[in-house]
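213 is the number that the numbering used here gives to position 213 of the sequence shown; each next residue is one higher, with no gaps. Here's the structure we're looking at; comments come further down.
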Amino acid sequence: MLQLSVCMLAMRLAPRLRLACPPSPPTCLIRMTAEPPSKFIALMAGEDAVRPFELDPVVSRPVAWRRSRHATTDLGERDLTAEISDPAAPHAPPREVHLAKGLLSRCEVSALRSAFDALGSGSAAEAAHARVVVEDGRVVCEELHRLLQPALESRILPYVRQRVDYGGGGGEGVVVADALLRAYREEDRRQALAPHFDVTSFATVILPLNPGEYEGGLFLQPGADRSSRLLVEPGMQAGDALLHRFDVMHGVDASGGDRYSLVLWLSDSAESVRARATPWLRAAADGGNAYAQFLHGAALRSGSGGAARDVGAAAEYWRRAAAQGHALSQLELGLLYWRGEEGAVPRSVVESRRLVTAAAEAGLPAAMAHLGWCEANGKFGERDEAAALGWYERAARQGSTSAVEALMYGEWSGVRDGVQFNTRLAREMGTEA
Numbered sequence: 001m002l003q004l005s006v007c008m009l010a011m012r013l014a015p016r017l018r019l020a021c022p023p024s025p026p027t028c029l030i031r032m033t034a035e036p037p038s039k040f041i042a043l044m045a046g047e048d049a050v051r052p053f054e055l056d057p058v059v060s061r062p063v064a065w066r067r068s069r070h071a072t073t074d075l076g077e078r079d080l081t082a083e084i085s086d087p088a089a090p091h092a093p094p095r096e097v098h099l100a101k102g103l104l105s106r107c108e109v110s111a112l113r114s115a116f117d118a119l120g121s122g123s124a125a126e127a128a129h130a131r132v133v134v135e136d137g138r139v140v141c142e143e144l145h146r147l148l149q150p151a152l153e154s155r156i157l158p159y160v161r162q163r164v165d166y167g168g169g170g171g172e173g174v175v176v177a178d179a180l181l182r183a184y185r186e187e188d189r190r191q192a193l194a195p196h197f198d199v200t201s202f203a204t205v206i207l208p209l210n211p212g213e214y215e216g217g218l219f220l221q222p223g224a225d226r227s228s229r230l231l232v233e234p235g236m237q238a239g240d241a242l243l244h245r246f247d248v249m250h251g252v253d254a255s256g257g258d259r260y261s262l263v264l265w266l267s268d269s270a271e272s273v274r275a276r277a278t279p280w281l282r283a284a285a286d287g288g289n290a291y292a293q294f295l296h297g298a299a300l301r302s303g304s305g306g307a308a309r310d311v312g313a314a315a316e317y318w319r320r321a322a323a324q325g326h327a328l329s330q331l332e333l334g335l336l337y338w339r340g341e342e343g344a345v346p347r348s349v350v351e352s353r354r355l356v357t358a359a360a361e362a363g364l365p366a367a368m369a370h371l372g373w374c375e376a377n378g379k380f381g382e383r384d385e386a387a388a389l390g391w392y393e394r395a396a397r398q399g400s401t402s403a404v405e406a407l408m409y410g411e412w413s414g415v416r417d418g419v420q421f422n423t424r425l426a427r428e429m430g431t432e433a
């Protein structure tokens, strides 16, 4: 149920996505039946292939884990928890993430890793970087599912059902919607995955299969600014499992070695899987969760996740989240005002500028790049080259590809050190301006 490539956030923060079709994969990659192609096909093609360019490398802090305040569990060796907060949204409540130590045994992890490598031995699979195990509730790869099933039924799902809560009724109905093993390989630069929400997943379980064999890895990003990132994997061992809900933004940035992981996307019920619906988003959004308001607004805007398309309702949810300081909602609402939507949102450059500026000041690169474009093209009045360069430079330092291209190839008169900056930027990227 994951929507990586279509997730609004990933599309805004990710580098260029290369969507060329891969060679014909084995059945564990994409079901070779009369059914529609796998929704994971973009993963095989390399949407995560390139780490975003950045002038200022991120120095991330580790997650501050503590012993869980929940009832003790006999699943795994230890149960840890942490609360993460968006520094730019002080009115939004913190979100909780969990770490189950030793949820899988080392033997189970080793068996999954060995099977993963064995399935990639054929010429058709050599270019593949993921093995789909379950898709939309249906078993796709029998070999891997047989290895995973005992741990899934006896430990992973029971643990999740103890820890998540949906509408106050607990997580008793939680089931696996999608599962896959994936590789981030150093030799072909497939080591990064842009910050994103698991849009159609009620909860997600991530098990790194070889922690310690690379640097970095999985991170959480509580806010819009990259400086808010928290590293998850320091201290993790093979068999440890991270659990988070749909409202936690996360990504991957590994280096110095290959990274392998098992990812499980869970739904609140088998009925939701069959209907491809996300009822938890509406429930959490109506309960005041700013992140759910953003995601449910996106579903209403596109008419996805079982929601009928309603731009006016989407704007209202984004308006509630924006009032709590949620930068992505401020940007989306600002862009609606920029374009105007008949019967939903009137066109207002003034309101659009106010909202997008708030998102930019919160650290959102896409908002900075938009303001840079507006200033460079005189959309707020007279062209302001100094303001444009300022916004573009801030966005570029956070990895915005569009801002980098604007600085390199834009027609600047040399205000401040624009020309010098372009030359230095091109040199650091290994290109010529």
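Note that beta-carbon positions come from the ideal geometry of N, C-alpha and C, so glycine has one too.
Item: Nearest neighbour of Ala298, chosen from Ser272, Leu335, Thr204 and Ser269 [CA to CA]; Value: Leu335
Item: Stretch pair the region 264-277 + the region 223-232: three plus CB contacts closer than 8 Å; Value: no
Item: Residue burial classification, Ala275 (beta-carbon count within 10 angstroms, cutoff 16); Value: exposed
Item: Beta carbon of Ser272 nearer than 7 Å to that of Phe294; Value: no
Item: Backbone secondary structure at Trp65 - three-state DSSP; Value: coil
Item: Coarse secondary structure for Tyr214, derived from DSSP in three states; Value: coil
Item: Counterpart residues of Ser85 in DSSP-defined beta bridges; Value: Ser85 pairs with nothing; no bridge assigned.
Item: Residue-level contact to chain D via CB, Phe294, 7 Å cutoff; Value: The chain inventory of the structure shown lacks chain D, comprising one protein chain alone.
Item: Candidates Ala362, Leu364, Thr357 and Gln398: closest to Ala387 by CA position; Value: Thr357
Item: Neighbour-count burial assignment, Asp48, 16 or more Cβ in a 10 Å radius; Value: Because the pLDDT at Asp48 is just 43, under 50, the model does not fix this residue reliably, and the value given afterwards should be weighed accordingly. That one is buried.
Item: Burial state of Arg354 (16 or more Cβ within 10 Å); Value: exposed
Item: Whole-angstrom distance between Leu157 and Leu80, CA atom to CA atom; Value: 17 Å
Item: Same chain, Cβ closer than 7 Å to Met32, five either side skipped, listed in chain order; Value: A caution first: Met32 carries a pLDDT of 30, below 50, which makes its placement in the model unreliable, though a value can still be read off. The answer is none, since no qualifying residue turns up.
Item: Given Leu242 as reference, the closest of Val97, Ala224 and Ser114 once Cα atoms are compared; Value: Val97
Item: Outcome for Tyr409 when other beta-carbon atoms lying within 10 angstroms are tallied against a minimum of 16; Value: exposed
Item: Separation of Ala313 from Glu213, as counted between CA atoms; Value: 47 Å
Item: Integer-rounded CB distance, given that Pro195 should sit under 8 Å from Arg259; Value: About 17 Å; that fails the 8 Å criterion.
Item: Local conformation of Phe116 per DSSP, three classes; Value: helix
Item: Counted within 10 angstroms of its Cβ, other Cβ atoms place Cys374 as buried (16 or more) or exposed; Value: buried
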